[in-house]
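To start, the structure under review is shown below, and the notes come after it.
Residue numbers (the working numbering): 118 to 328.
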């Protein structure tokens with residue numbers, strides 16, 4: 118157990134609690150709320166918590182473990198709790214729409230999903246002075262918003278950039294100064310949770326090409 122405000126550790130528990138709040142307030146599972154109120158209005162037509170059977174052939178599995186996990190979890194019973202902390206399947210095109218909405222301060226193609234102030238709060242550093250020892254970070258100061266990594270002093274990313282990485286070696290980076298959204302999936306077919314060479318090098322190559 119860590120003392121609040123002293124050390125940062127990645128945890129998805131907060132999103133699990135948030136999904137339960139959404140469920141109780143809205144009266145529907147958080148999964149359905151997210152799809153109906155975020156994905157569909159943004160035109161994210163290939164984003165699902167439960168992938169339709171006819172589309173499962175399009176899933177980009179990154180390891181044998183992923184294939185086994187999908188086979189166990191794709192048929193969720195109606196009584197099972199919502200999975201607000203993970204389990205979303207999407208495409209690069211759909212992720213780009215989500216990222217552009219955040220860069221636009223909550224809107225895309227005239228549709229408002231979040232308020233401007235909500236996005237500003239999400240992308241502001243809330244962990245000033247908090248040290249990160251997670252994943253062998255060695256005690257560097259962590260910059261983290263509300264569910265998003267934020268950047269003020271990165272080699273390539275502009276100050277004010279933000280990102281989030283997900284399972285399956287996927288990620289979404291947003292650079293408002295460049296009006297740039299970068300979504301990626303790394304199909305390494307290796308049983309690893311994260312591969313720095315595949316993720317960081319890929320990101321740096323993309324940003325170093327900006328003229």
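Glycine included, C-beta positions come from ideal geometry on N, C-alpha and C.
For a cut-off of 8 Å, the C-beta gap from residue 133 to residue 201 is around 6 Å, short enough to register as a contact.
The DSSP-derived three-state label of residue 292 is strand. Between residue 257 and residue 248, the gap from beta carbon to beta carbon is short of 8 Å. With a cutoff of 8 Å on beta-carbon distance, residue 173 and residue 207 are scored as not near each other.
Exclusion of the five residues before and after residue 269 leaves 242, 260, 276, 277 as the residues of its chain whose Cβ lies within less than 8 Å of its Cβ. In the structure shown, residue 163 falls within a coil segment according to DSSP collapsed to helix, strand and coil. Annotated three-state conformation of residue 126 is coil, per DSSP. Closest in C-alpha terms to residue 220, from the list 229, 119, 291, 180, comes 291.
The distance from the Cβ of residue 300 to that of residue 209 is about 5 Å, consistent with a contact at the 8 Å cut-off. Under DSSP, residue 239 shares a beta bridge with no residue. Taking all protein chains in view, the Cβ of residue 211 is crowded by 16 or more other Cβ atoms within 10 Å, so the residue is classified as buried. In the structure shown, residue 120 adopts coil according to DSSP, grouped into three states. For residue 253, the closest alpha carbon among the candidates 313, 149, 302 is that of 313. In the structure shown, the three-state DSSP call for residue 269 is coil.
Here DSSP, grouped into helix, strand and coil, assigns residue 148 to helix. By the Cβ-count criterion, residue 170 is exposed, with fewer than 16 other Cβ atoms from all chains shown falling within 10 Å of its own Cβ.
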